[in-house]
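So the sequence shown is numbered by the numbering used here: it starts at 27 and just counts up by one. Scroll down for the structure; my scribbles are underneath it.
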Amino acid sequence: YNGEWSRAQSAAQAVVNSDIYSVISPDSYVASFAIDNTDNSIFELAYDNVDNLGGNSLGFIYKGEVYGDIEVLPTTPDIYEEGDVRADIITTDAGGNIRNSGKYPELNGWDNVNIIRYEEVLLNLAEALFEQNDNDGAVAALNQITSMRGASEYSGTITKEDILNERRKELMFEGFRFFDLARNDLPIEKFSDLQNIVETVPAGDYRYALPIPIVEMDANSNMTQNTGY
């Protein structure tokens, strides 16, 4: 986020060199999100049936059985190649709506939530190397993931867009895409009526920052509300 690519590389490389973690296998990819403390999990929030979140769980939000507030756009499955196991987390419910059914599968929120996965560290490493003009190193880092997903491996010269697209495919539904767009000064494109925006949100738009809650504004007369609110 700060563009400190050398430090980002060192931090990611330390994790890689530890030999503690590994990319989850293609046969285990979908199932891994229902299992705690997998080989690719670096940090996760623990939940069990005592911590039942009920209607506030990610499962309720993503799935259509009860709430299903967040529906997958019809074009989303198209970003995956045929045979890419990451596409298997997306299914169609009885109502014909496309849903995230693979990540946070327990409806009541009993699954641990991955905060840092080894795959994200490799993506961070690839981006850090790319930004320091180490194309071959970035390619090698990306291919550690694609080789375990049934996806085509990268070769030759890659672009920043390649890295961001790979982040989108690997980290979908895990809360990264908005921040990847924001930190790279990219717009939120409007291309479907299902999106909760009227038109494309340009890079740097005031809506990239949330309004400061009124209770905080009232508590401190020196506060200045974020632009646009």
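In this text, a Cβ means the ideal position worked out from N, Cα and C, and glycines have one as well.
With a contact defined as Cβ atoms closer than 8 Å, Asp110 and Ala177 qualify at about 5 Å. Closest by C-alpha distance to Asp206, out of Gly230, Asn134, Glu225, is Gly230. Nearest to Tyr130 by C-alpha distance, out of Ile105, Ile87, Tyr144, Asn169, is Ile87. Within the DSSP secondary-structure output, Glu192 pairs in no beta bridge. The bridge partners DSSP lists for Asn140 are Glu70. Cβ-Cβ separation between Glu97 and Leu220: approximately 6 Å, consistent with a contact (criterion under 8 Å). Residue state for Asn210 is assigned as coil, using DSSP reduced to three classes. Annotated as distal: Leu133 and Glu70, with beta-carbon spacing of 9 Å or more. Under the DSSP assignment, Asn169 falls in the alpha helix (DSSP H) whose first and last residues are 161-172.
In the DSSP assignment, Arg125 falls within the unbroken beta strand (DSSP E) covering 124-126. Of the residues Glu145, Thr183, Gly121, Val76, the one whose Cα lies closest to the Cα of Ser173 is Glu145. The beta carbon of Glu179 sits closer than 7 Å to the beta carbons of Asn169, Thr172, Ser173 from its chain, once the five residues preceding and following it are set aside; these are given in chain order. DSSP places Ile87 in the uninterrupted alpha helix (DSSP H) bounded by 84-88. Around the beta carbon of Ser36, fewer than 16 other beta carbons lie within 10 angstroms, which makes this residue exposed. Judged by their CB atoms, Leu148 and Ala167 are nearer to each other than the 9 Å cut-off.
Excluding its 5 nearest sequence neighbours in each direction, Asn138 has C-beta neighbours in its own chain below 7 Å: Asp62, Glu70, Leu71, Ala72, Tyr73, listed in chain order. Distance from the CA of Tyr55 to the CA of Arg193, rounded to the nearest whole angstrom, comes to 16 Å. Here the alpha carbons of Arg125 and Thr118 stand approximately 6 Å from one another. Between Ala38 and Asn159, the C-beta gap is not smaller than 9 Å, which leaves the two residues out of contact. For Leu236, the number of other beta carbons within 10 angstroms of its own is below 16, and it is reported as exposed. Residue nearest to Tyr106 within the set Lys195, Glu242, Gly254, Tyr27 is Lys195 (criterion: CA-CA distance). Listed as beta-bridge partners of Thr117 by DSSP are Arg125.
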